[in-house]
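Engineer: So that we are looking at the same thing, I have put the structure below in structure tokens.
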Amino acid sequence: MHLVLEQIINGLTIGSFYALIALGYSMVYGVLKLINFAHGDFFAMGSYIGYTVLVFLVAGATVSMGPWAGMGLAVLTAGVSLMAVGIAVERAAYRPVYRAGRLPAVVSALGASIFLQNVIMLVWGPRYQAYPADLIPAARIHFGDLTVTMLQLVILALSFALMSALYYVIQKTTFGAAVRATAHDRNTAALMGINFNRVIVFIFTLGPALGAVAGVMVGMYYRQISFTMGWNYGLKAFTATILGGIGNLPGAMFGGLILGVLEMLGAAYISAAWKDVFVFLILILVLIVRPTGLFGERTAEKV
Amino acid sequence: MMKIVKYVLVAGALVFLASPTLSAADKEPVVIGLQGPITGAWAYEGQMAKQACEVAADLINKKGGILGGRKIVIKVEDDAGEPKTGALAAQKFVGQKDVVAVVSTYGSSVCEPASNIYEKFKKVNIGYGVTAVRLTERGFKYFFRTCGRDDSQGKFFAEAVPKKFKARRIAIMHDNTAFGKGLAEDTKRALEPMTKANKVEIVYFDAITPGEKDYKVPLTKMRETKPDVWYYTGYYAEAALLVSQARDIGITCPFVGGNAAINDEFVKIAGLNVAKGCYMTNEPLPGDLPYKEAREFLAAYKAKFGDIPSSPWPIYAADAVNIIAYAIDKTKSTDSDKIASFLRDKVDRVPGITGPIGFTAQGDREGVPFYLYVVNNEGKIVISK
Amino acid sequence: MRDLQNLSGGGLRSARLLAPLAFACLVTAYPFAVSDYLIDIGFFFGIYALLGLSLNIVLGEVGLFDLGHAGFYAIGAYVTAVLNTRYQVPVLVLMPVSCLAAALFAYLVCSPIIHLKGDYLCIVTIGMGEIVRLALINNPFDLTGGPNGVFGIDFPRVGNLLVVDSSIEYYFLVWITVGVSIAGLVSLQHSRIGRAWNCIREDAVAAQATGINVRAYKLLAFVLGAALAGAAGNIYASKLMCVSPESFTFWESCLMFCIVLIGGMGSIPGVIVGAAFISLFPEIFRPFAMYRMLVFGSIMIVMMMVRPGGFWPRKRGAVTLRPLMEDTADGAV
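Protein chains in written order, with the working numbering: chain P, 313 to 615; chain R, -19 to 365; chain A, 95 to 427.
Rendered as structure tokens:
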């Protein structure tokens, strides 16, 4: 029994990565109806920036910092940097094509994705980079037979905190209401005095920042990052978004968590090699039964 | 007007035709191609190979080049680690008369279509990371490789391990992945002559399921067969658990892992007490090569790029450049047929960065370097003496 | 955008009639004038043209998001590879077999999911493509050779009379296939089926109301598109003489998607232009070495700013471009 529990905790950990990335997809989709293919690369870039911060801390080492402070600083720097990157990419690649329609925007997003991926390769080099082990918390906690690392708990706690904060901002603040209104009906929202461009800047600040946080956590959890990893995680997170019902933020969160758990259980009890096949099959089956995802009624109403 | 154009054209054509013959007498450089993944997921391997080839060329040029003073120039084409782009890169190389031979490439499935093209257009091509067995079984005349094959590790185990441990009873365990199972089966095949001669006995041959946490059941089964040495061909995560649990239930025979089984992570997971004294079969890492050529090469590489290559493969690319240069120099020719037959028949134990180089009739590297590594008392992985 | 379309429609009408003829002449003459390397680029241009045409049926004509088209391509290539290397079935005989296999696969996979809307359909096709690729890597029943793939595929041949084994012969094989496909697709565009497809793309509800069997027509598009991709897979497999999973990644599907959109949705000359872009540009950028994909990505973005409707948008049965944020009845396009 404790084996299943352990797998579920592992699954929730990677699920929270997916969920954080998925939120970015979902927000952009909600407002723009655009699948932002460059989002996975935001995540990868965040991971590399976190890596740089940690390497710098290890090299500097003038102030002795505990692993938690290092993690905090890495998460913060990556998040803030990616806000800037997100806004820049939105300006350069997306804003010029909004009027033209969804499909040109998709090509533009793919172009941005290639661009970012190659920027990462050129800046940090094509090789795998390893997060410095000294700055990664290594504590373990035992609950009877069950072993959980402290890092996992922190990852889970931080993701849930961020997700709740985002939920609060979107649901309870005036600005969140503006985002929801724009997602619902852009023209009416504009008539009500909501500045569309500000809403877009807002989602292109928050989405990449959340992705970057996930990137740093992935780097700490697996200790190894590569410039192509944005594609894989992006694809999984996009799957999570759809699983939950696209444009629906709680849906994206639960979609991510469910996907992570399914993946781990599939790997443990079916076959590690076939786990992704298993995940996609579940997705397809869910969509056959519920064509707008698990929590997708809200988007269905709009159509 | 038309007349002038005609003259210019004729003059241009004459210059164009004459230029190769004119400059060939001169000290025109010898061009060696490198086809590798400069972009894409394997860009890391491709770009390091490029650096390694350039350093190798630099070293040769510093010593006065080949063919009485001609310099070597490396020309690079990207194959993106992808068969289609690889085919185009190869096609581009074969169209260039000045490219004498090509170092190509890192991935086996990229090498396949590319080497077909090189073969058809008679251009010597030497793989540096292509380990699929089938590549040299096509009877190609112009294809060679400086790296080993997927089955050379098994062969190395059969040659080295029973001797070292004076072992008669051998247990082989794999993890049912394509890689682990392949290595286990290759090892079994390589041991066959010895089992037939009754020198050794494979007492245990079975798979475990990766991803589980408890391996006491298969380990107990193995303990009953009383092995003298135990070879595990899977990955490090399971290897660490296996060794710890094996020691718990009283299996004391030496543990040997394949090249996926032991790394720093293995030592970390298993803990120093269990990990020390565990062996592994592995390609030599660049820093571990004992040869004079290797020291010289790595010093030059470090001077130019700050660090030595972190993967074993780029140095095979450098050795491919070296051996091509050697063949051109010795045959005094840039003719593919001459170079190919020289490489096949005349190259024998030529000193290289990765050890003595020679090729079998198929084009495989002779005496592929594999080493037995061991975890020492400090938890470092070092060559076993 | 509308202005641009009007401009090109008026002044260039005669050019549009002449263009295909001129292009055909160019394609025929090209390989006699250039090196094998350039012929091979022409060959892969042809493969991408074929793939673009096949996806254009699904995406351009019917407006269904399909980002898993590489799956059909892979089925075609692997059917050819496995049947040829195991049972020595001639490659040319396998061309229709590959088409049928890919079409059958499309029918079976798409039947249960064809009712999904826009982006939901999109992710299912991505999932389908990934499942195919992962299955190829995992080597089920020892058929696909795992990550190394299947090798030793024969040349297309008719006995020993006609053996396609040189660059120029492959070039003509693929371009003849492209030519035949274009002829078929043009007549399809002008047929009842083509009009029904376009009607579904513009407004699926209205199409249903006028008595068009939306479900059947959508499925037909997938089946035909898959068949054509299967043919491309067949030619690709025999040209490279080996197939391996890394040729059929999600990225390959994305490239096909870009071919259709860069060229202009539903426009056959557009697809040719798009395929030229996708296959030629990375080769032209070779001198940039490790910067070449960076340049490629930037140009994709610039392309969409300059010509959002595609390089050669369709005139007859044109696609309506809707602003990004607008929902459509079907959620497609």
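Even glycine gets a Cβ: it sits at the ideal position worked out from N, Cα and C.
What does R/D58 touch in chain A if you count any residue whose Cβ is under 8 Å from its own?
Structural biologist: One-based indexing of the second sequence puts residue 58 of chain R at position 78. What R/D58 touches in chain A: R380, A383, M384, R386.
Engineer: At a CB-CB cut-off below 7 Å, which residues of chain A make contact with R/P93?
Structural biologist: By 1-based counting over the second sequence, the position of residue 93 of chain R is 113. Ordered by position in chain A, the residues that pass the 7 Å Cβ test against R/P93 are L334, M335, C336.
Engineer: Give the interface partners of P/F651 over in chain A, defined as CB-CB distance under 8 Å, in chain order.
Structural biologist: Any property of residue 651 of chain P remains undetermined from this structure, which presents chain P solely from 313 to 615.
Engineer: Tell me, please, whether the CB atom of R/S3 is closer than 9 Å to any CB atom in chain P?
Structural biologist: Looking up residue 3 of chain R in the second sequence gives position 23. The pLDDT assigned to R/S3 is 44, lower than 50, so where the model puts this residue is not dependable; a value taken from the coordinates is nonetheless given after this. R/S3 does not count as touching chain P.
Engineer: What are the residues in the region 128 to 155 of chain A lying within 8 Å of chain P by C-beta distance?
Structural biologist: none
Engineer: Is R/I18 close to chain A? Criterion is C-beta to C-beta, closer than 9 Å.
Structural biologist: The sequence position of residue 18 of chain R within the second sequence is 38, counting from 1. Chain A, which has a Cβ nearer than 9 Å to the Cβ of R/I18, makes this yes.
Engineer: Look at the Cβ atom of R/A23, then the Cβ atom of R/P63, and state whether they are nearer than 9 Å.
Structural biologist: For the purposes of this step, residue 23 of chain R is taken as the residue at position 43 of the second sequence. For the purposes of this step, residue 63 of chain R is taken as the residue at position 83 of the second sequence. No, the Cβ-Cβ distance between R/A23 and R/P63 is not below 9 Å.
Engineer: To which residues of the same chain is P/K345 closer than 7 Å at the C-beta, ignoring the five residues directly before and after it?
Structural biologist: Within the first sequence, numbered from 1, the residue matching residue 345 of chain P stands at position 33. Excluding residues within five positions, the ones whose Cβ falls inside 7 Å are R414.
Engineer: Just curious, the beta strand (DSSP E) that R/D186 is in, first and last residue?
Structural biologist: Looking up residue 186 of chain R in the second sequence gives position 206. Element bounds for R/D186: 181 to 187.
Engineer: Over the uninterrupted alpha helix (DSSP H) stretch that includes R/D228, give me the two end residues.
Structural biologist: Start at 1 with the first residue of the second sequence, and residue 228 of chain R comes out as number 248. Per DSSP, R/D228 belongs to the alpha helix (DSSP H) from 216 to 228.
Engineer: DSSP three-state label for R/N105, please.
Structural biologist: Indexing the second sequence from 1 puts residue 105 of chain R at position 125. Looking at R/N105 - three-state DSSP - the assignment turns out to be strand.
Engineer: Within 9 Å of any Cβ in chain R, is that where the Cβ of P/T540 sits?
Structural biologist: Locating residue 540 of chain P in the first sequence gives position 228, where the first residue counts as 1. Chain R has a Cβ within less than 9 Å of the Cβ of P/T540.
Engineer: Of all the options R/N239, R/D194, R/K312, R/G214, which has the alpha carbon lying nearest to the alpha carbon of R/S291?
Structural biologist: For the purposes of this step, residue 291 of chain R is identified with residue 311 of the second sequence, where counting begins at 1. The residue with the shortest Cα to Cα distance from R/S291 is R/N239.
Engineer: Counting only Cβ-Cβ distances shorter than 9 Å, please list the residues of the region 428 to 454 of chain P near chain R, keeping chain order.
Structural biologist: N430, M433, G437, P438, R439, Y440, A445
Engineer: Short check: CB of P/F349 to CB of P/A524, under 9 Å?
Structural biologist: Reading the first sequence from its first residue, position 37 is the one you call residue 349 of chain P. Reading the first sequence from its first residue, position 212 is the one you call residue 524 of chain P. The answer is no: Cβ separation not under 9 Å.
Engineer: Against chain P, does R/V(-5) count as a neighbour if the rule is that its beta carbon must be under 9 Å from one of theirs?
Structural biologist: In the second sequence, counting from the first residue as 1, residue -5 of chain R sits at position 15. For R/V(-5), the predicted model reports a pLDDT of 47, less than 50, meaning its position is unreliable; a value from the coordinates is still stated below. Cβ-Cβ to chain P under 9 Å: no for R/V(-5).
Engineer: Which residue wins for smallest C-alpha separation from P/M532, given the options P/V397, P/I326, P/V316?
Structural biologist: Here residue 532 of chain P refers to the residue found at position 220 of the first sequence. Ranking P/V397, P/I326, P/V316 by Cα distance to P/M532 puts P/I326 first.
Engineer: Secondary structure at R/A4, three-state DSSP: helix, strand or coil?
Structural biologist: Numbered from 1 along the second sequence, position 24 holds the residue referred to as residue 4 of chain R. Bear in mind that the predicted position of R/A4 carries a pLDDT of just 44, short of 50, making it too unreliable to give a figure here.
Engineer: Measure the beta-carbon distance from R/K256 to R/V355 and round it to whole angstroms, keeping in mind my assumption that it falls under 8 Å.
Structural biologist: Translated into the one-based positions of the second sequence, residue 256 of chain R becomes position 276. Translated into the one-based positions of the second sequence, residue 355 of chain R becomes position 375. Sure, about 5 Å apart at Cβ, within 8 Å.
Engineer: Straight-line CA distance for R/A297 to R/A29?
Structural biologist: What you label residue 297 of chain R is simply residue 317 of the second sequence in a count that begins at 1. What you label residue 29 of chain R is simply residue 49 of the second sequence in a count that begins at 1. If you take the alpha carbons of R/A297 and R/A29, they lie about 6 Å apart.
Engineer: With respect to the alpha helix (DSSP H) encompassing A/T343, which residues constitute its N-terminal and C-terminal limits?
Structural biologist: In the third sequence, residue 343 of chain A corresponds to position 249, counting from 1. Run containing A/T343: none; DSSP gives neither H nor E here.
Engineer: With A/F316 as the anchor, note down where its alpha helix (DSSP H) starts and where it stops.
Structural biologist: Taking the first residue of the third sequence as position 1, residue 316 of chain A is located at position 222. 308 to 334 is the span of the alpha helix (DSSP H), which, as asked, contains A/F316.
Engineer: How many angstroms separate the CA atom of A/F342 from the CA atom of A/A171?
Structural biologist: Position 248 of the third sequence, counting from 1, holds the residue named residue 342 of chain A. Position 77 of the third sequence, counting from 1, holds the residue named residue 171 of chain A. Distance between the alpha carbons of A/F342 and A/A171: 10 Å.
Engineer: Under 8 Å Cβ-Cβ, which residues of chain A neighbour R/P294?
Structural biologist: Translated into the one-based positions of the second sequence, residue 294 of chain R becomes position 314. Going along chain A, no residue has its Cβ under 8 Å from R/P294, so there is no contact; the nearest lies around 16 Å.
Engineer: Just reading off the alpha helix (DSSP H) that R/E92 is part of, what are its end residues?
Structural biologist: As a first step, residue 92 of chain R is located in the second sequence; it is residue number 112 there, counting from the start. Residues 88 to 100.
Engineer: Quick test of your reading: P/A580 and P/Q319, contact by CB under 8 Å. State the CB separation rounded to the nearest angstrom.
Structural biologist: Mapped onto the first sequence, residue 580 of chain P falls at position 268. Mapped onto the first sequence, residue 319 of chain P falls at position 7. Contact flag correct, Cβ pair sits at about 5 Å.
Engineer: Roughly how many whole angstroms lie between the Cα atoms of R/D287 and R/F277?
Structural biologist: Translated into the one-based positions of the second sequence, residue 287 of chain R becomes position 307. Translated into the one-based positions of the second sequence, residue 277 of chain R becomes position 297. Distance between the alpha carbons of R/D287 and R/F277 is about 12 Å.
Engineer: Give every residue of the same chain whose Cβ lies closer than 6 Å to the Cβ of P/T374, excluding the five residues on either side of it in the sequence, and list them in chain order.
Structural biologist: As a first step, residue 374 of chain P is located in the first sequence; it is residue number 62 there, counting from the start. Residue confidence for P/T374 is low, a pLDDT of 49 falling below 50, so the modelled location carries little weight; the figure read from the coordinates is stated next. Contacts found: none.
Engineer: When the Cα of A/H209 is compared with those of A/N307, A/I395, A/E340, which residue comes out closest?
Structural biologist: For the purposes of this step, residue 209 of chain A is taken as the residue at position 115 of the third sequence. Of the candidates A/N307, A/I395, A/E340, the one whose C-alpha sits nearest the C-alpha of A/H209 is A/N307.
Engineer: Alpha carbon to alpha carbon, how far is P/A331 from P/V528?
Structural biologist: Mapped onto the first sequence, residue 331 of chain P falls at position 19. Mapped onto the first sequence, residue 528 of chain P falls at position 216. Their backbone Cα atoms lie some 14 Å apart in a straight line.
Engineer: Using the three-state DSSP reduction, which class does A/I366 fall into: helix, strand or coil?
Structural biologist: For the purposes of this step, residue 366 of chain A is taken as the residue at position 272 of the third sequence. Residue state, collapsed to three classes: helix.
Engineer: I want to see whether chain R comes within less than 9 Å of A/S117, judged by CB atoms only; does it?
Structural biologist: Here residue 117 of chain A corresponds to residue number 23 of the third sequence, with the count starting at 1. The sequence given here has Phe at residue 117 of chain A, not Ser. Output row for A/F117: interface = no.
Engineer: Is there contact here, the region 328 to 338 of chain A with the region 229 to 245 of chain A, by at least three beta-carbon pairs under 8 Å?
Structural biologist: yes
Engineer: Assign A/C119 to buried or exposed, taking buried as 16 or more other Cβ atoms, counted over all protein chains shown, within 10 Å of its Cβ.
Structural biologist: Mapped onto the third sequence, residue 119 of chain A falls at position 25. Counting the other CB atoms within 10 Å of its CB gives A/C119 a total below 16, which places it among the exposed residues.
Engineer: From P/N322 to P/F590, what distance separates their C-alpha atoms?
Structural biologist: The residue labelled residue 322 of chain P in the question sits at position 10 within the first sequence. The residue labelled residue 590 of chain P in the question sits at position 278 within the first sequence. Between the alpha carbons of P/N322 and P/F590 lies a distance of about 17 Å.
Engineer: Between the region 215 to 222 of chain A and the region 158 to 169 of chain A, are three or more C-beta pairs nearer than 8 Å?
Structural biologist: yes
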